[in-house]
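FYI, in the numbering used here the residues of the sequence shown are 10 to 238. Cβ coordinates follow ideal geometry from the N, Cα and C atoms, glycine included. Quick caveat: nothing in here was measured; it's all calculated off a predicted structure.
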Amino acid sequence: MQESKQVVITGVSRGLGRALVDELVKSGVVVIGCARNASAISQLEREYPAHHFAVVDVANRDEVDPWADSVLKQLGPPDLLLNNAAVIPQNAPLWEVPPDEFEQAVQVNITGVYNVIRAFLPDMIERKKGIVVNFSSTWGRTVAPDVAPYCATKWAIEGMTRALAAELPNTMAAIPFNPGVIQTDMLDSCLGTSSKLYPKPEQWSAAAAKFLLELGPSQSGKPVTAPRV
C-alpha cells in the first residue's frame with residue numbers, strides 16, 4: 010500500500026491556506042500546517058486530529074527550526090512544501106507606509122519563506138525528492154499603486170524561487186505560484202467592497218489543491234498560475 014503524500018503548508022489559519030487544508034485533507038494527503046493564530050490552530054487540531062498543526066511565526070527562526078526538527082523526526086521530509094503565509098500593509102503610497110508595517114511584510118513574506126525552506130529543504134535534498142511552491146501573487150508579476158511593499162516582497166519571491174530552482178537536483182522543483190485574485194481578508198483590505206467580485210477561497214481551493222499536488226520537476230523554475238474559477 011502506497012504511503013500518503015505529506016504536505017507542509019504555512020499560513021493555515023485563514024484565507025487560501027485554510028481553504029487548502031480542507032481540500033488537501035479530502036485528497037488523502039497528510040497535512041502539516043502552521044500559523045500564528047493559536048485559536049485557529051486549536052480548531053484545526055480538533056477538526057483534523059489525524060493531521061499535524063502547530064503555532065509558528067514563520068518570521069521567527071527560533072520558532073521555525075524546532076517545529077521543522079520535530080516534523081522531520083516524526084514524519085520525515087515533506088513531498089510538497091507550500092510557503093503560503095503572507096501579510097500586507099494597509100494601502101498607502103510607499104513613503105507613507107509605517108516602517109514597522111514595511112518591515113513586517115519583508116520579514117513574513119520573504120524571510121519567513123527563507124526560514125521554512127532553510128529548515129526543511131536539506132532533508133528533502135538528501136532524499137532527492139520534493140517540490141517547493143512559494144506563493145507569489147498577481148502583484149508579484151504586475152504592480153499597482155498603494156501596495157508597493159507587497160509588490161516588492163512578491164517580486165522577490167519570484168526571483169528567489171527561480172534562483173532556487175537552478176540550485177536543486179533535477180528530480181526536485183522550486184516553483185513560484187500565483188494563486189490569482191481571490192476574495193480574502195487581504196484583498197478586502199486593498200479593494201474594499203470591490204473584492205466581492207472575485208471568487209472566495211472555498212470556490213478556488215478544489216482546483217488549486219489538485220493543481221498543486223500535480224506539480225513536478227518539469228515545472229521547476231517556471232512561474233505558474235492557479236486554474237481560473
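Annotated as proximal: P188 and A217, with beta-carbon spacing under 8 angstroms. One thing to note: T162 has its Cβ within 8 angstroms of the Cβ of I119. The Cβ atoms of A165 and A174 lie no closer than 8 angstroms to each other. Secondary structure of V40 (DSSP, three-state): strand. Within the same chain, and ignoring the five residues on either side of K137 in sequence, the residues whose Cβ sits closer than 8 angstroms to its Cβ are P178, T180 and M181. If you draw a straight line from the Cα of P108 to the Cα of G121, it comes to about 18 angstroms. Using a Cβ distance threshold of 8 angstroms, V34 and H60 count as a contacting pair. With a 10 Å radius around the Cβ and a threshold of 16 neighbouring Cβ atoms, G85 comes out exposed. Across the structure, S36 and V16 are spaced so that their CA atoms are roughly 11 angstroms apart.
G189 carries a coil assignment under DSSP once its states are collapsed to helix, strand and coil. Rounded to whole angstroms, the separation of the alpha carbons of Y57 and S145 is 27 angstroms. Taking a C-beta distance under 8 angstroms as the contact criterion, F220 and P236 qualify as a contact pair. The secondary-structure analysis by DSSP pairs G139 across a beta bridge with M181.
Counting only runs of 3 or more residues that sit fully inside the segment 28-89, the beta strand (DSSP E) segments are 39-44 and 61-64, in chain order. In the three-state reduction of the DSSP assignment, T170 falls in the helix class, which pools H, G and I.
Around the beta carbon of A47, fewer than 16 other beta carbons sit within 10 angstroms, so the residue counts as exposed. Here W76 is buried, its C-beta having at least 16 other C-beta atoms within 10 Å.
Taking every protein chain shown into account, the CB of T202 has fewer than 16 other CB atoms within 10 angstroms, so this residue is exposed.
Annotation: K14 to Q212 spans about 23 angstroms, alpha carbon to alpha carbon.
The beta carbons of V125 and A114 sit no closer together than 8 angstroms.
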